[in-house]
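To start, the structure under review is shown below, and the notes come after it.
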Amino acid sequence: MGIDLVAGGKSKKSKRTAPKSDDIYLKLLVKLYRFLVRRTGSCFNAVILKRLFMSKVNKPPMSLSRLIRFMKGKENKIAVIVGTVTDDIRVYEVPALKVTALRFTETARARIEKAGGECLTFDQLTLRAPLGQNTMDF
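In this text, residue positions in the sequence shown follow the UniProt record's numbering: the first is 1, and each later residue adds one.
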């Protein structure tokens with residue numbers, strides 16, 4: 001006795017193993033995080049790598065107001081967003097935040113830096129926190 005499989009064997013895994021985008025920066029980040037996952041065994045790096053593979057729909061933008069709300073009481077940590085950080089004109093006061101993201105809109109970057117915060121790229125994050133120490137990922 002055996003299992004009757006319809007025309008052609010077992011079902012395949014359907015998760016992405018590489019990004020579909022041709023963005024050179026994204027491909028370099030994937031190369032970097034693949035190395036970090038392999039050599040460090042950090043779950044944080046594995047999560048970031050998985051999110052780098054995701055489609056544009058699954059990497060939604062995060063507004064400055066949501067970011068401020070989520071980071072309340074966690075001022076010494078670095079916010080990590082695999083996506084775009086956008087400005088929100090409804091927010092008047094922006095606290096000093098350390099944020100890592102794939103992209104920032106011009107106004108969001110300007111407001112974060114004016115408040116004494118930092119806008120980091122993922123390669124800068126790997127130098128500061130290779131294992132994801134003191135980070136909050138969204």
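No residue lacks a Cβ here, since even glycine has one placed at the ideal position from N, Cα and C. Everything numeric in this text was worked out from a predicted model, so none of it was measured.
Minimum Cα-Cα distance from T84 among the listed residues F104, V94, M136, F70 corresponds to F104. Under the rule that a run must span 4 or more residues, the alpha helix (DSSP H) segments found entirely inside the region 79 to 127 read 106 to 114. Per DSSP, the beta-bridge partners of D137 are V80. DSSP places S65 within a helical segment (H, G or I) once states are collapsed to three.
Buried is the label assigned to F122, since at least 16 other Cβ atoms lie within 10 Å of its Cβ. In the assembly as shown, Y33 is a buried residue. Its beta-carbon has 16 or more other beta-carbons within 10 Å.
Sequence-distant Cβ neighbours of R16 in its own chain, meaning closer than 6 Å and more than five residues away, are F53. In this structure the region 36 to 51 does not touch the region 104 to 116; the number of beta carbon pairs closer than 8 Å is below three. Leaving aside the five residues that flank K77 on each side, the residues in its chain whose CB is nearer than 8 Å to its CB run, in chain order, M71, K98, N134, T135, M136. Under the three-state reduction of DSSP, R16 is assigned to coil, being neither helix nor strand.
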